[in-house]
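Novice: For the sequence shown, our numbering gives the first residue as 5, with consecutive numbering after it.
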Amino acid sequence: MLIIENVGPTLARNVRIIANPPFQRTLDRPGEPEFAETLLFTQGIPHLPPGRRLEVFMDLGFRLFATELPRQYEVTVKADGPFGPVEDLSYLIDLNVFTASRINIKTVHQGVQELEKLRHQVEKIAEELSRPRAMEEDAKYQRILEERRRTMSEETRDE
5 MLIIENVGPT
15 LARNVRIIAN
25 PPFQRTLDRP
35 GEPEFAETLL
45 FTQGIPHLPP
55 GRRLEVFMDL
65 GFRLFATELP
75 RQYEVTVKAD
85 GPFGPVEDLS
95 YLIDLNVFTA
105 SRINIKTVHQ
115 GVQELEKLRH
125 QVEKIAEELS
135 RPRAMEEDAK
145 YQRILEERRR
155 TMSEETRDE
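What follows is the structure, given as structure tokens:
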């Protein structure tokens, strides 16, 4: 995921992203524009308001790491602020940090599984709360209430 975000306090205009080498990905298909040839990189972003965040899907890690495509990119971001050009920002994106790491990023499928577990637990709680109380539970509850009333009544008499 490539994330482009304006973390500044003012509107960024004419935002240009230059990658060296140009971004490459396994998802590029013959006959279609390559990722590096999309409008995002050829024409830039006309306006990026403060706090605005763009997330662009780059590639699938397991596919990328099975190829000889570049894994390091020097990225320069150029933009204009309210008073003209702002200082260029340069970043090194090194995807190699993910090759030997044990980062366990959950998938959407795993998220759905967790939601299903949660739904099942909520249904169990709802079922328990909606079932009629057994008569003995009701009787026990009534005895406790009566005992508390009696205790409170005795305390107010003693005062």
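Quick reminder that beta carbons are idealized off the backbone N, C-alpha and C, glycines included.
Label Ile21 either buried or exposed according to how many other C-beta atoms from any shown protein chain fall within 10 Å of its C-beta, with 16 as the threshold for buried.
Specialist: Result: buried.
Novice: With Tyr62 and Arg33 assumed to form a contact (beta carbons below 8 Å), what rounded beta-carbon distance in angstroms separates them?
Specialist: One detail in the question is off: residue 62 reads as Met in this sequence, not Tyr. In fact, because the Cβ distance is near 15 Å, the residues do not count as touching under 8 Å.
Novice: Between Asp98 and Arg17, what straight-line distance do the alpha-carbon atoms span, to the nearest angstrom?
Specialist: Asp98 and Arg17: Cα-Cα distance of roughly 27 Å.
Novice: Compare the beta carbon distance of Pro50 and Val19 with 9 Å and say whether it is the shorter of the two.
Specialist: Against a cut-off of 9 Å, the Cβ pair of Val19 and Pro50 comes out as a contact.
Novice: Is it true that the CB of Pro25 sits closer than 9 Å to the CB of Tyr77?
Specialist: Contact flag set, yes.
Novice: So what's Ala16 in DSSP terms, helix, strand or just coil?
Specialist: Strand at Ala16.
Novice: Within the continuous beta strand (DSSP E) that includes Thr80, where are the two ends?
Specialist: Its beta strand (DSSP E) spans residues 76 to 85.
Novice: If Arg56 sits next to Asn10, beta carbons under 8 Å apart, how far is it from one beta carbon to the other, in whole angstroms?
Specialist: Confirmed, Cβ separation roughly 5 Å.
Novice: Any idea what DSSP makes of Ala130, helix, strand or coil?
Specialist: In the structure shown, Ala130 sits in a helix (DSSP, three-state: H, G or I).
Novice: Tell me, please, which residues DSSP counts as bridged to Asn24.
Specialist: The partner list for Asn24 (beta bridge, DSSP) reads Glu78.
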